[in-house]
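Peer 1: If you read the sequence shown in this note's numbering, its first letter stands for residue 754, the second for the next number, and so on. Every residue, glycine too, gets a C-beta built ideally from N, C-alpha and C. Note that the coordinates shown come from a computational prediction; the quantities given were computed from them, not determined experimentally.
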Amino acid sequence: DPKGDGSGGSSLPNLPAEFNDMPHVRGEVSMARAQEKDSANSQFFIVYQPTFSLDGEYTPIGRVVSGMEYVDAVEKGEPPAHPSIIVRASIGSDKIHPPTTEEVKAAVEKQEAINLAEQQKQEEEVRRNAMRSFLPNHARLLPMQNRRRLRQSH
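Right, here's the structure in full:
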């Protein structure tokens with residue numbers, strides 16, 4: 754990223770696509786590219802949740818093995834208002850094998866449970882807000898306040 758603005762690009766030649774069996778599960782690091790499959794250059798992305806539609810489309814090059822909490826803290830959005838800067842990264846091993854079928858299944862189930870819990874939380878919040886909007890103002894007051902209000906009106 755010669756400009757330091759996240760737009761990527763370098764004077765080095767683009768990399769040819771090298772698809773492999775590594776599935777795009779949480780923590781997978783893959784090369785970003787333009788529309789052309791052989792256009793990866795200097796940008797990469799880290800997968801937040803299993804996204805198997807990326808398999809065979811982008812080249813996985815590694816996996817976050819520790820520090821995923823820092824990845825989770827990266828601001829989301831396009832473009833982020835305050836882009837995160839990678840201060841330090843290291844290559845831990847080139848002997849990390851692709852996740853097993855059981856690991857992929859466990860990762861998918863975990864992510865589905867997280868997604869379901871988040872969806873239920875959002876639905877409950879919508880229900881609560883809908884109920885609040887239908888209640889008259891005096892019904893939203895605390896019981897003691899309701900009693901005082903009733904005494905004053907009689």
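Is there contact here, the region 798-814 with the region 770-777, by at least three beta-carbon pairs under 8 Å?
Peer 2: Cβ pair count under 8 Å is three or more, so yes.
Peer 1: Can you tell me which residues form a DSSP beta bridge with I799?
Peer 2: The sequence position of residue 799 within the sequence shown is 46, counting from 1. Answer is V782, bridged to I799.
Peer 1: Could you please give me the residues that DSSP links to P766 through a beta bridge?
Peer 2: The residue labelled residue 766 in the question sits at position 13 within the sequence shown. P766 pairs with nothing; no bridge assigned.
Peer 1: Please state the DSSP three-state secondary structure of A866.
Peer 2: The residue labelled residue 866 in the question sits at position 113 within the sequence shown. Of the three classes helix, strand and coil, the one that applies to A866 here is helix, per DSSP.
Peer 1: If I'm right that I799 touches V824 with Cβ under 8 Å, what's the distance once you round it to whole angstroms?
Peer 2: Locating residue 799 in the sequence shown gives position 46, where the first residue counts as 1. Locating residue 824 in the sequence shown gives position 71, where the first residue counts as 1. The pair is a contact, with the Cβ atoms about 5 Å apart (cut-off 8 Å).
Peer 1: Quick check on DSSP: helix, strand or coil for A793?
Peer 2: Taking the sequence shown and counting its residues from 1, one reaches residue 793 at position 40. Three-state result, A793: strand.
Peer 1: Do A787 and F797 have their beta-carbon atoms positioned less than 7 Å apart in this structure?
Peer 2: Mapped onto the sequence shown, residue 797 falls at position 44. Mapped onto the sequence shown, residue 787 falls at position 34. No, they are not a contact pair.
Peer 1: With distances taken Cα to Cα, identify the nearest neighbour of A860 among K829, I814, G762 and Y801.
Peer 2: As a first step, residue 860 must be located in the sequence shown, where it is residue number 107. The shortest C-alpha separation from A860 is found at Y801.
Peer 1: Does E855 pass the burial test, meaning 16 or more other C-beta atoms within 10 Å, or should it be called exposed?
Peer 2: In the sequence shown, the residue the question calls residue 855 occupies position 102. E855 is exposed by the Cβ-count criterion.
Peer 1: Name the residue from V818, M821 and K790 whose alpha carbon lies nearest to the alpha carbon of A770.
Peer 2: Looking up residue 770 in the sequence shown gives position 17. Per the Cα distances, K790.
Peer 1: Hey, is I838's beta-carbon within less than 7 Å of any beta-carbon in chain B?
Peer 2: The structure shown contains no chain B; it is built from a single protein chain.
Peer 1: Do you know how far the Cα of V818 is from the Cα of H850?
Peer 2: Working through the sequence shown from its first residue, we reach residue 850 at position 97. Working through the sequence shown from its first residue, we reach residue 818 at position 65. Spanning the two alpha carbons is a distance of roughly 12 Å.
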